[in-house]
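Every position in the sequence shown, counted from 1, becomes a number in the working numbering once 183 is added. Think of the CB as a built atom: it goes at the ideal place given N, C-alpha and C, for glycine as much as any other residue. Because the structure is a prediction, the values reported are computed rather than measured.
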Amino acid sequence: NPNIALLKGSYLFPEINLRKKQYLAEHPEASLISLGIGDTTEPIPPSIAQSLADFSLGLGTLDGYSGYGQEQGKHVLREKIAAKIYSHSVQPDEVYVSDGAKCDLGRLQTLFGNDISIAVQDPAYPVYSEGSLIQGVKEIISMPCYPENQFFPDLGSVPRTDLIYFCSPNNPTGAVATKAQLEKLVRFAEANRSIIIFDSAYANYIQDPTIPKSIYEIDGAKKVAIEVGSFSKLAGFTGVRLGWTVIPDELKYDDGTSVKADWHRLTSTIFNGASNIAQAGGCAVLDEKGLKEISSLTQFYLENARIIKETLEGLGHVVFGGVNAPYLWLRFKGQNSWDIFQQFLDKFQIITTPGSGFGRAGDEYIRLTAFGHRKDILEAAARLKKHTNDH
Ligand code: PLP
């Protein structure tokens, strides 16, 4: 596939590791704190971990053994997702259980193929554009998002595209789209006959009841939007692997045929369903007990975000995100994001992620994550306070 060669070398995390190694070679006594990687750090809550263990042990018994399941996912899990995540605004048979949002984003890109145009937020989770490049998509429109436009694209200057990728709460900016903004987006897609691929992987971090957790809270969205969700940041399932995609029955191609029918055909051809162990865990996540447990987990990370945000604001920084989202986005006007990364490493021994890794509009920024053990977050806050004014 010659398109693979079009991808820029993935140098972000290797370069971060290289700089980390160099720093440690010069300062072997240093203890680095990573606020860089978007991976969860806290254990899977007890009732959910128990369900994973019980199901696994059951597989070793005649009664508990099961092999291939329904490709679309266990019906009971699809019912729970429709009920608990979407308050019945979507139907269980519009929900397709997956092995994670990233994997489904890749399959969606296979679904739509290469003869399409797409629009992506800049900065953005790199999979939207890189996965499309692999497919051979040529027309990729960037929608810059920055404080001056409240991190919401200036739709008036965005040309029509077949697909629009949109992520709220956003990785990396931590921005959340308001209901009015999402209404604009849905009207824009209707007018242009575009399909929105809405990434709601961080929806559980939304605490403000006026902010939509799903694109389907907007009237008419079922006719223009696919939503991709994940248990990764909801329940610490980044390693367990479980997610879902909603393809509404109402979503049609221009010729009136069903997108869902094609998705069904595609997933039954190149996907054999999510792990049954992970799905058992997913059911436990959405039980009453599991929901309480994951709510504490979400609150834990949001408290981490609050600690970092307040510390940085107390030091005079302008911090975006970190409320209703686990990411904080810091601007250093006129500076290069790798230089900012290096300053945080040299001054505070804190690893961050340079914003340029998420697109050109990330150039003056770094991303900090709220995923971390509390002691590390407190230590990071203490270092920021202690060394900010050192010269
Ligand atoms: N979407 C966004 C915006 C993400 O940041 C991530 C992971 O970091 C994913 C999707 C991937 O989720 P999953 O672990 O379900 O593949």
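Exercise for the section: Within its chain, find whatever has a CB closer than 7 Å to the CB of leucine 567; leave out the 5 residues flanking it on each side and keep chain order. Expected result: Thr494, Leu495, Leu498, Phe531
Problem - Which of helix, strand or coil DSSP assigns to serine 157 - result: Residue coverage of the chain in this structure runs from 184 to 574, which leaves residue 157 outside it and unanswerable.
Handout entry: asparagine 507 versus Ala404, Gln518, Leu190, Ala384, residue with shortest Cα-Cα distance
Key = Ala384
Practice task
Taking tyrosine 510 as part of the beta strand (DSSP E), name the residues at either end of that continuous run.
Solution key: 510–514
Problem - Contact with chain C by tryptophan 446, beta-carbon distance below 9 Å - result: This model lacks chain C altogether; it includes just one protein chain.
Problem - Where isoleucine 389 falls: helix, strand or coil (DSSP) - result: coil
Handout entry: Euclidean distance between Cα positions of serine 312 and glutamine 274
Key = 30 Å
Problem - Distance cut-off 8 Å: asparagine 387 Cβ against heavy atoms of the ligand PLP - result: no
Exercise for the section: Using the Cα positions of glutamine 333 and leucine 449, report the straight-line distance between them to the nearest angstrom. Expected result: 37 Å
Handout entry: Contacting residues, own chain, Cβ-Cβ under 7 Å from phenylalanine 196 (five flanking each side not counted)
Key = none
Practice task
Report yes or no: do the segment 362–372 and the segment 318–325 share at least 3 C-beta pairs separated by less than 8 Å?
Solution key: no
Problem - Beta-carbon proximity of alanine 360 to proline 395, cut-off 9 Å - result: yes
Practice task
Along the alpha helix (DSSP H) that carries glutamate 366, what are the first and last residues, could you check?
Solution key: 362–375
Practice task
Give me the Cα-Cα distance between glycine 540 and glutamine 462, rounded to the nearest whole angstrom.
Solution key: 33 Å
Handout entry: CB of leucine 294 within 9 Å of CB of asparagine 186, strictly
Key = no
Handout entry: Heavy atom of the ligand PLP within 8 Å of asparagine 507 beta-carbon
Key = no
Practice task
Rounded to whole angstroms, what's the CA-CA distance from leucine 561 to isoleucine 389? Just pull it up for me.
Solution key: 23 Å
Handout entry: cysteine 328, enclosing beta strand (DSSP E) - first and last residue
Key = Per DSSP, cysteine 328 belongs to no beta strand (DSSP E) and is neither H nor E.
Problem - Reduced DSSP secondary structure (H/G/I, E/B, other) of isoleucine 187 - result: helix
Practice task
Determine the direct distance from the alpha carbon of alanine 408 to that of serine 340, and round the result to whole angstroms.
Solution key: 21 Å
Exercise for the section: Kindly identify the DSSP beta-bridge partner or partners of cysteine 350. Expected result: Asp382
Problem - Cβ neighbour criterion (16 or more within 10 Å) applied to valine 502 - result: buried
Practice task
Measure the alpha-carbon distance for histidine 574 versus serine 272 and round it to whole angstroms.
Solution key: Note that histidine 574 scores 48 on pLDDT, short of 50, meaning its location in the model is unreliable; the coordinates nonetheless yield the value given after this. In a straight line, the C-alpha of histidine 574 is about 56 Å away from that of serine 272.
Practice task
Tell me whether alanine 384 counts as near the ligand PLP, meaning its Cβ is closer than 8 Å to at least one heavy atom of that ligand.
Solution key: yes
Exercise for the section: For isoleucine 227, name the three-state secondary structure that DSSP assigns. Expected result: coil
Practice task
Between the Cα of histidine 570 and those of Gly357, Leu528, Lys435, spot the shortest distance and give me the residue it belongs to.
Solution key: Leu528
Practice task
State yes or no: is the C-beta of isoleucine 460 within less than 9 Å of the C-beta of phenylalanine 238?
Solution key: yes
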